[in-house]
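Peer 1: Mind looking over this structure? Questions follow.
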Amino acid sequence: MGKEGELFSGIKTPALATHDNVIYIFDDGKIYTYNTKTKELDEYLIDLFFKSSSLFYYNDKLYLLGGFKENEFSKTPSSNLYSIDLNEFEKTAISKSKTL
Numbered sequence: 788m789g790k791e792g793e794l795f796s797g798i799k800t801p802a803l804a805t806h807d808n809v810i811y812i813f814d815d816g817k818i819y820t821y822n823t824k825t826k827e828l829d830e831y832l833i834d835l836f837f838k839s840s841s842l843f844y845y846n847d848k849l850y851l852l853g854g855f856k857e858n859e860f861s862k863t864p865s866s867n868l869y870s871i872d873l874n875e876f877e878k879t880a881i882s883k884s885k886t887l
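To convert, take the position in the sequence shown, counting from 1, and add 787; that gives the numbering used here.
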């Protein structure tokens, strides 16, 4: 198995979803998009700070389910479901970008 490249930083428990040639990766306030054709990796900052969530794609939306918030004293589980329209990526500034 060949190595494609490296993320901008390590991710402990990412949530993953795919659609067409894009892999979506979420973890603790960041969403990454990786285009498997262009090899472009983009990082977006998002105001959702959850770890160990699940990520799903359906009808041009990403759905982020569950996970937990963590601080130095506790872990608080989330029962929330968030939807992110894929059009939002066109309106959102890219935090980091590189070609792998």
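Note that CB positions come from ideal geometry on N, CA and C, so glycine has one too.
1. Tell me whether F836 sits in a helix, a strand or coil according to DSSP, three-state version.
2. Which runs of the alpha helix (DSSP H) spanning at least 4 residues fall entirely within the stretch 844-886, listed in chain order?
3. Determine contact between the stretch 818-830 and the stretch 854-870, defined as no fewer than three beta-carbon pairs at a distance below 8 angstroms.
4. Considering only residues of the same chain and omitting the five flanking positions on each side of I798, which have a CB-CB separation below 6 angstroms?
5. Round the Cβ separation of I871 and K848 to the nearest angstrom and send it over; I've been treating them as touching at under 8 angstroms.
6. Give the single residue among I812, E791 and D807 whose Cα lies nearest to the Cα of P801.
7. Specify the secondary structure class of T820 as computed by DSSP and reduced to three states.
Peer 2: Reading from the atomic positions:
1. coil
2. 875-878
3. no
4. D814
5. 6 angstroms
6. I812
7. strand
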